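Have a look at the structure below, then the notes.
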Amino acid sequence: MTRGIIVAAFGTSYRETRENCIEPVVKEIHEALPDLPMEMAFTSRIIKKKLWERDGEHVHDERGALKALQLRGAVDIRIQPLHIIPGHEYEKLTRLGLAVGAPLMHPEVDWNEVVDSLEPSEKPGVTLWIGHGTDHAADALYDQLELALNQRGTSPSIVGTIEGEKDLEAVLEELRTIEAERVLLRPLMLVAGDHVIHDIASDEGDSWKSRLERAGYQVELDLRGLGELKGIRELFRKRAEELMAYDSKLYVIGTGPGASDLITLRALKALEESELIFVPDNKGKNMALDTVQPYIEGKKIIRIPIPMMRVTEEDYNYAARLIEEEGRGKICSFITIGDALTYSTAIYILERLSADISVEIIPGIPSYIAAFDRCQMPLTVKGERFLLVDQFEELPEDLLAQVDSIAVLKTNHNPKELFEELKGQGFDPRYVQRVSLAEEKVVDWEEELSLEKDYMSLVIGRRGKGGYR
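One point on numbering: in the working numbering, the residue at position 346 of the sequence shown is 378, and numbering is uninterrupted.
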């Protein structure tokens, strides 16, 4: 299986800064992993747009880089971020469902390693590190770095942020408690770009340098972006090597509504590559396994007991441990009906899996999509609102009045009552049982529902006359 790696930074629109701060890190990672297909990505949509409009230069965002690697034949694709903290930009990477390496700082980081990579100054005075900052909870990591710097260094350090909790005002207050005349400003950012030039180092206005000088401090500047530091480049190279060293790969596959011919081509390819197939087992029943059975002849199947009506936290913990232990060093798949991240058991197992496992999510067709299509009923059109719920009883009374179409997934207990309520609210409902299977049944009149008690059923509806036929 061909692996690939995306090296992702926030980005910069300054060519020289990019050459000095980003490309050397990418080059170091490439030299450490020379045989891997690699793509660079910028997560900032603003910078991507600016480069295109100003220079006609196209740069990948994380999704574009993923597609580029897939076109080059890479299957097991992982992402090494060059971000400072696991904030909003980092979360763009995690949404791809791939294995993502560690940013510079994270909750489990070796702070001694981070401090060493920053090459802290030993000169007299205060070193003032200035990060970008964020409204994300990860902003607290700047305080942890300040603590680590002061535990290791001989000179005092302060970590402030431009847009985070500890802004310039808070830094000035902290400086007043330190008897120092000299302040060395250093950016805690990968690139020495816009913020460094205008917000930190400018001789005019309310830059950090100007404000500190007006407060009576002697200000010195070290305006190297972190990407220019040898220690930072080595640290990110090490993170990338660690990321690619893990051999475990887990596909989490949505197998669709039940028909074997509705499985996606990507899912079939993943099943073909997999050595093990994990299936959630409910008293010997598994619809997902029945769906993929024609495509997994000879594969080893591991059934994970998941008692659906009384599943516990320990059941999910056990499932995660079993996948980690049995799947170590292997390419595996976990299969689930419908879509893997829509009301799925997989969601709760993924929350408990070790970050060491490379995970790829493969979408499946949800039952409600199949049901709307089966009834030739538009799920939604431009300007409308669609509501998806797994139970009807606890909905706020005014919520139905705000939507134009609805799908209710757990309807086997009271479909007739649900029909009556939807009709009273102006909907044209359908009861769809075992959609896409041979025993599929569609009912559009509540009097026929009294004997219908199939768990694999749902109710859909649109206002007015919902379907074309």
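Heads up, the beta-carbon is just placed ideally off N, CA and C, and yes, glycines get one too.
Note that the coordinates shown come from a computational prediction; the quantities given were computed from them, not determined experimentally.
For E358, does the three-state DSSP call read helix, strand or coil? helix
Any chance the stretch 108 to 126 sits against the stretch 165 to 173, with 3 or more Cβ pairs inside 8 Å? yes
Three-state secondary structure (DSSP) of Y500: Residue placement at Y500 is flagged as unreliable, the pLDDT there being 49, under the threshold of 50; the coordinate-derived value follows with that caveat. Looking at Y500 - three-state DSSP - the assignment turns out to be coil, as it is neither helix nor strand.
Tell me which residue opens and which closes the alpha helix (DSSP H) that M276 is part of. 262 to 277
Hey, L98 and L128: beta-carbon distance below 8 Å or not? yes
Considering only the alpha carbon of each residue, which of A433, D313, G458, S292 lies closest to M341? D313
Take the Cβ of Y500 as the centre, count every other Cβ of all protein chains shown within 10 Å, and call the residue buried at 16 or more, exposed below. At Y500, the pLDDT of 49 sits below 50, so the modelled position is not reliable and the matter cannot be decided from this model.
Identify the residues that DSSP records as bridge partners of G370: which are they? G288
Would you say K332 and E307 are within 8 Å of each other, going by their C-beta atoms? yes
Taking the alpha-carbon of Y283 as reference, which of R256, K317, G359 has the nearest alpha-carbon? G359
Among all the DSSP beta bridges, which residues are the ones paired with R218? W161
According to DSSP, which residues form a beta bridge with Y463? V475, V491
For C364, the residue or residues it bridges with in DSSP: L282, L308
Within 8 Å, do at least three Cβ pairs link the stretch 238 to 256 to the stretch 217 to 226? yes
Quick one, which of V223, G163, A212, E211 has its alpha-carbon nearest I194's? G163
Extent of the continuous beta strand (DSSP E) to which A97 belongs: It is not in any beta strand (DSSP E) - A97 instead sits in the alpha helix (DSSP H) that spans 94 to 103.
Starting from the C-beta of G257, find all residues in its chain whose C-beta is less than 8 Å away, skip the five residues before and the five after it, and write them out in chain order. T49, N52, C53, P219, M221, L222, V223, A224, G225, V228
Compare the beta carbon distance of K281 and S390 with 8 Å and say whether it is the shorter of the two. yes
Assigned exposure category for G330 - 16 Cβ within 10 Å defines buried: exposed
Does the pairing of the stretch 79 to 98 with the stretch 201 to 209 give three or more beta-carbon distances under 8 Å? no
With a Cβ-Cβ cutoff of 8 Å, do A299 and I37 count as a contact? no
What residue from V91, T374, L68 has the CA that sits closest to I78's CA? V91
Would a check of beta-carbon distances place I285 closer than 8 Å to chain C? You won't find chain C in this structure, because it holds only one protein chain.
Can you tell me whether E429 is helix, strand or coil according to DSSP? coil
From which residue to which residue does the beta strand (DSSP E) around I37 run? 35 to 41
Roughly how many angstroms lie between the CA atoms of G290 and D87, to the nearest whole one? 50 Å
Whether A351 touches I336 by CB criterion (8 Å): yes
Going by DSSP, name the residue or residues bridged to Q183. For Q183, which the question treats as bridged, DSSP gives no partner whatsoever.
Hey, W523 and V191: beta-carbon distance below 8 Å or not? Any answer about residue 523 is impossible in this case: the structure gives the chain only from 33 up to 501.
Identity of the residues DSSP links to P113 by a beta bridge: A40
Roughly how many whole angstroms lie between the Cα atoms of I401 and R104? 32 Å
Would you tell me roughly how many angstroms separate the C-alpha atoms of R417 and R495, rounded to the nearest one? 11 Å
Could you check whether the Cβ of Y249 sits closer than 7 Å to any heavy atom belonging to the ligand HEM? You won't find the ligand HEM in this model; it holds no ligand whatsoever.
Just confirm the distance between the C-beta atoms of E309 and Y348, as a whole number of angstroms; I'd bet it's less than 8 Å. This sequence places Ile at residue 309; Glu is not what is there. Contact doesn't hold; Cβ gap of about 19 Å is too wide.
Given S468 as reference, the closest of T44, D235, S399 once Cα atoms are compared: S399
CB of V474 within 8 Å of CB of R406, strictly: yes
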